[in-house]
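*Asks:* First the structure, which I've put down as structure tokens, then a few questions once you've had a look.
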């Protein structure tokens, strides 16, 4: 069941289309405003490459959203329009006039680079903090190992001394520890 919005049909209630209601759907297409029919076929005729909704970086083939797709830095889909036909129109028109979209694209890329630099610095800070924590933990464990090795060395020396003095049983007890 398809519910059509009453704004397009000037109805008080939404129109519900059930089985066999294709004729009503055809009437809906005739009644709806022309500006709401935005499809890929008529995209070129309704949106020009100079429209603010069009990604100027895409027109210059340097949109970071597109370049970095399927990478670790994937930014997702660009909120602006990416259309190859608009790019072709722009390239054709740019032979006769300079639109200075390279300045817009450069500002877009500089903002992106600044964002990446900020993320990199934050990651470096987090890494330094974790390395400091790990270094402190490793130093603690190294000190503990050193203390244990020192205790073992002292006990071995004491056991050898007791064995040399003839106290073999006491020496064996000390070795068991």
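Residue numbers (this note's numbering): 15 to 191. Think of the CB as a built atom: it goes at the ideal place given N, C-alpha and C, for glycine as much as any other residue.
1) Counting beta carbon pairs with one atom in the segment 133-144 and one in the segment 90-101, are three or more of them shorter than 8 Å?
2) Would you kindly work out how many angstroms separate the C-alpha atoms of residue 155 and residue 148, rounded to a whole number?
3) Can you tell me which of the three DSSP states residue 159 falls into?
4) Tell me the DSSP bridge mates of residue 68?
5) What residue range is occupied by the uninterrupted alpha helix (DSSP H) comprising residue 185?
6) So what does DSSP say about residue 111, is it helix, strand or coil?
7) Counting pairs of Cβ atoms below 8 Å between the segment 124-137 and the segment 104-115, do you hit three or more?
8) If you count every other CB in all the chains shown that lies within 10 Å of the CB of residue 70, and 16 or more means buried, which is it?
9) I need the DSSP call for residue 62, collapsed to helix, strand or coil.
10) Should residue 122 go down as buried or exposed, given a rule of 16 or more other Cβ atoms within 10 Å for buried?
11) Tell me the rounded alpha-carbon separation between residue 152 and residue 167.
12) My output table needs one value for residue 100: the three-state DSSP class, helix, strand or coil.
13) Mapping DSSP to helix, strand and coil, what is residue 83?
14) According to DSSP, is residue 73 part of a helix, a strand, or is it coil?
15) Consult DSSP for residue 150 and reduce its assignment to one of helix, strand or coil.
16) What three-state label does DSSP hand residue 89 in the structure shown?
*Replies:* So, from the listed chains and residues:
1) No, they do not touch.
2) C-alpha separation (whole angstroms): 10 Å.
3) Helix.
4) 95.
5) For residue 185, the enclosing alpha helix (DSSP H) starts and ends at 182-190.
6) In this structure, DSSP gives residue 111 a state outside helix and strand, which the three-state scheme calls coil.
7) Between the segment 124-137 and the segment 104-115 there are fewer than three inter-stretch CB-CB distances shorter than 8 Å, so the stretches are not counted as touching.
8) Buried.
9) Coil, per DSSP.
10) Buried.
11) Distance between the alpha carbons of residue 152 and residue 167 is about 22 Å.
12) Helix at residue 100.
13) Of the three classes helix, strand and coil, the one that applies to residue 83 here is coil, per DSSP.
14) Here residue 73 sits in helix by DSSP.
15) Residue 150 carries a helical assignment under DSSP once its states are collapsed to helix, strand and coil.
16) Residue 89 falls in the coil class under three-state DSSP.
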